[in-house]
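Engineer: The following block contains the structure, expressed as structure tokens.
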Amino acid sequence: MRVLVVEDDRALSRALSMNLTARGHQVSEAASGAAALGSARVEPPDAVILDLGLPDVSGLEVIRSLRQFTPAPIIVLSARSSSGEKVAALDLGADDYVTKPFNVDELLARLRAAARRVPPPEAPRLADLSGTVVDFVAKTVTGRDGAPVHLTPTEWRLLETLARRPGTLVTGRALLTQLRGGPEHTDPSYLRIYVGQLRRKLEPEPGRPRHLITEPGMGYRFQP
1 MRVLVVEDDR ALSRALSMNL TARGHQVSEA ASGAAALGSA RVEPPDAVIL
51 DLGLPDVSGL EVIRSLRQFT PAPIIVLSAR SSSGEKVAAL DLGADDYVTK
101 PFNVDELLAR LRAAARRVPP PEAPRLADLS GTVVDFVAKT VTGRDGAPVH
151 LTPTEWRLLE TLARRPGTLV TGRALLTQLR GGPEHTDPSY LRIYVGQLRR
201 KLEPEPGRPR HLITEPGMGY RFQP
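Mapping of the sequence shown onto UniProt numbering: position 189 corresponds to residue 189, and the numbering continues sequentially without gaps.
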């Protein structure tokens with residue numbers, strides 16, 4: 001998952017980030033409410049761990065704002081233990097509330113449980129890539145000349161993973177996890193080979209791609 005950690009305690013934020021990364025998740029960190037909302041709009045998270053005591057705005061306001069554009073699970077992590085705080089956070093859209101001090105394994109178990117309740121984003125039904133039509137339901141590709149285009153199972157997984165977040169950067173680590181079953185497979189040449197194959201099959205000008213965009217040093221973006 002891509003997890004956004006919103007915590008102004010730098011040491012705690014780094015500790016959470018290290019634990020999440022060690023378990024194969026991508027992590028973004030934000031030390032304020034404004035930074036959290038900006039990060040969530042640029043790279044939509046799959047889950048959020050949120051401290052309520054932020055230096056600029058209340059964590060409750062962050063929950064309210066996040067719920068305007070993302071269904072991602074929100075796990076509140078706070079030293080505030082009153083029932084009123086918990087009720088307010090849950091009523092605004094938080095999925096769970098963990099009180100500091102906390103056990104990391106329990107926090108991550110709650111995160112996994114909340115994430116299971118949210119269905120993953122789906123690929124679009126159809127995509128028209130400059131005349132080449134991809135049908136994600138039928139798993140067919142029709143070229144500009146009307147002839148069928150064959151994609152391998154790996155090429156389909158790669159394309160569908162990117163298409164679930166149109167216009168959004170998907171990191172190489174996330175793609176490798178999806179394609180190879182774990183983030184430990186980090187050889188970037190593996191991705192380059194399959195992205196290159198997809199471009200040759202789908203792009204009108206593979207050397208000047210319009211739809212399968214490389215973000216150097218970060219990952220790839222699907223632009224329908």
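C-beta atoms are modelled at their ideal positions from N, C-alpha and C, and glycine is treated no differently.
Please classify residue 172 as buried or exposed, where buried requires at least 16 other C-beta atoms within 10 Å of its C-beta.
Structural biologist: buried
Engineer: Look at the alpha carbon of residue 215 and the alpha carbon of residue 205, and state the distance between them as a whole number of angstroms.
Structural biologist: 18 Å
Engineer: Could you say which of 73, 221 and 165 lies nearest to residue 118 if we only look at CA atoms?
Structural biologist: Nearest C-alpha to residue 118: 73.
Engineer: When you compare only the Cα positions, how much space is there between residue 7 and residue 101?
Structural biologist: 14 Å
Engineer: Between the beta-carbon of residue 155 and the beta-carbon of residue 194, is there less than 8 Å?
Structural biologist: yes
Engineer: The alpha helix (DSSP H) spanning residue 61 covers which residue range?
Structural biologist: 59 to 66
Engineer: Might you give, ordered along the chain, the residues of its own chain that have their beta carbon closer than 7 Å to the beta carbon of residue 56, omitting 5 neighbours on each side?
Structural biologist: Sequence-distant partners of residue 56 (beyond 5 residues in either direction) whose C-beta falls short of 7 Å from its own C-beta, in its chain, are 32, 33 and 34.
Engineer: If you count every other CB in all the chains shown that lies within 10 Å of the CB of residue 1, and 16 or more means buried, which is it?
Structural biologist: buried
Engineer: Start and end of the beta strand (DSSP E) containing residue 132?
Structural biologist: 132 to 135
Engineer: Pop quiz: residue 27 and residue 20 are said to be a contact at Cβ under 8 Å. What is the actual Cβ separation, rounded to whole angstroms?
Structural biologist: The beta-carbon distance between residue 27 and residue 20, rounded to whole angstroms, is 5 Å. This is short enough to meet the 8 Å contact definition.
Engineer: Could you please give the first and the last residue of the uninterrupted beta strand (DSSP E) stretch that includes residue 141?
Structural biologist: 140 to 142
Engineer: Per the DSSP calculation, residue 77 is bridged to which residue(s)?
Structural biologist: Answer by DSSP bridge pairing, in chain order: 98.
Engineer: Kindly indicate the opening and closing residues of the alpha helix (DSSP H) around residue 91.
Structural biologist: 83 to 92
Engineer: Which of the three DSSP states is assigned to residue 215 in this structure?
Structural biologist: strand
Engineer: Taking residue 44 as the reference, give the member of 94, 4 and 152 with the closest Cα.
Structural biologist: Restricting attention to 94, 4 and 152, the CA atom closest to the CA of residue 44 is found in 4.
Engineer: Would you kindly check if the distance between the Cβ of residue 77 and the Cβ of residue 98 is under 8 Å?
Structural biologist: yes
Engineer: Please name the residue in 145, 86 and 24 whose C-alpha comes closest to that of residue 175.
Structural biologist: 24
Engineer: Taking only three categories from DSSP, how would you classify residue 29?
Structural biologist: strand
Engineer: Note the first and the last residue of the continuous alpha helix (DSSP H) segment covering residue 14.
Structural biologist: 10 to 22
Engineer: From residue 110 to residue 116, what distance separates their C-alpha atoms?
Structural biologist: 10 Å
Engineer: Can you tell me whether DSSP reads residue 128 as helix, strand or coil?
Structural biologist: strand
Engineer: Is residue 151 helix, strand or coil when you go by DSSP?
Structural biologist: Assigned with DSSP and collapsed to three states, residue 151 falls in coil, not helix or strand.
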